[in-house]
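With the numbering used here applied, the sequence shown covers 464 to 619.
Comments concern the structure below.
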Amino acid sequence: KKILTCLLLVYSIFILTACPSQTIAKAKSSSAKLATYANSGVDLTRELFRSNFINLATKDKIADGFIVLAKAGQAFDLAVANAEKQYGADVPKDVIGQLFGVFNSEVVAKFATVLAALKLTNVSGNFGAIIETIKTAVLLIAKAFGKRSVVAAQLA
């Protein structure tokens with residue numbers, strides 16, 4: 464019983480100390496892709512407009528949302544890179560919390576705005592694939608912070 468308790472304690476300490484670096488690594492790998500995905504969304508939005516699937520006002524609203532999302536993704540990526548540069552693998556938990564705050568207020572909020580604009584349209588195919596790719600990346604980052612369900616609820 465003591466051995467099991469010791470192993471559990473060692474495992475808990477390992478998890479508590481390993482999580483910040485894993486969080487940073489996972490967030491960094493996914494956030495670097497967000498701007499690329501958002502820019503693809505802008506391109507597809509333009510194609511939908513050129514093909515007369517959406518009107519000019521809808522195109523502008525969705526494309527603007529993707530542009531803002533791309534910038535938010537870049538800002539989050541920079542925040543993650545700065546934390547990694549400053550702390551290395553030992554990012555304090557309060558900084559991890561601050562990074563999630565940036566992610567939630569910037570990336571998740573901007574993506575939720577894009578999704579709300581898209582609910583006005585009935586598009587799928589490549590456009591739907593881009594949306595799902597962005598959503599997957601956002602949820603992977605949220606999962607790294609242990610906040611997947613919170614973010615999923617915001618995007619529903």
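Every residue gets a Cβ at the ideal spot worked out from N, C-alpha and C, and that includes glycine.
- The criterion of a C-beta distance shorter than 8 Å is satisfied by Tyr500 and Ala600.
- In this structure Gly536 touches Ala498 by the C-beta definition: roughly 4 Å separates them, less than 8 Å.
- A buried status is given to Glu569, since no fewer than 16 other beta-carbon atoms sit within 10 Å of its beta-carbon.
- Shown here, Gly609 sits in coil according to DSSP, grouped into three states, outside any helix or strand.
- By the 16-neighbour rule on beta-carbons within 10 angstroms, Val543 is buried.
- Given a length threshold of 4 residues, each whole run of the alpha helix (DSSP H) inside the segment 496-553 is given here in chain order: 519-550.
- Taking 8 Å as the upper bound for CB-CB distance, Ile597 and Gly528 are not in contact here, some 11 Å apart.
- Apart from the 5 residues on each side of it in sequence, Leu519 sits with its Cβ closer than 8 Å to the Cβ of Phe512 in its chain, given in chain order.
- A Cβ-Cβ distance of about 6 Å is found for the pair Val614 and Leu602, placing them in contact under the 8 Å criterion.
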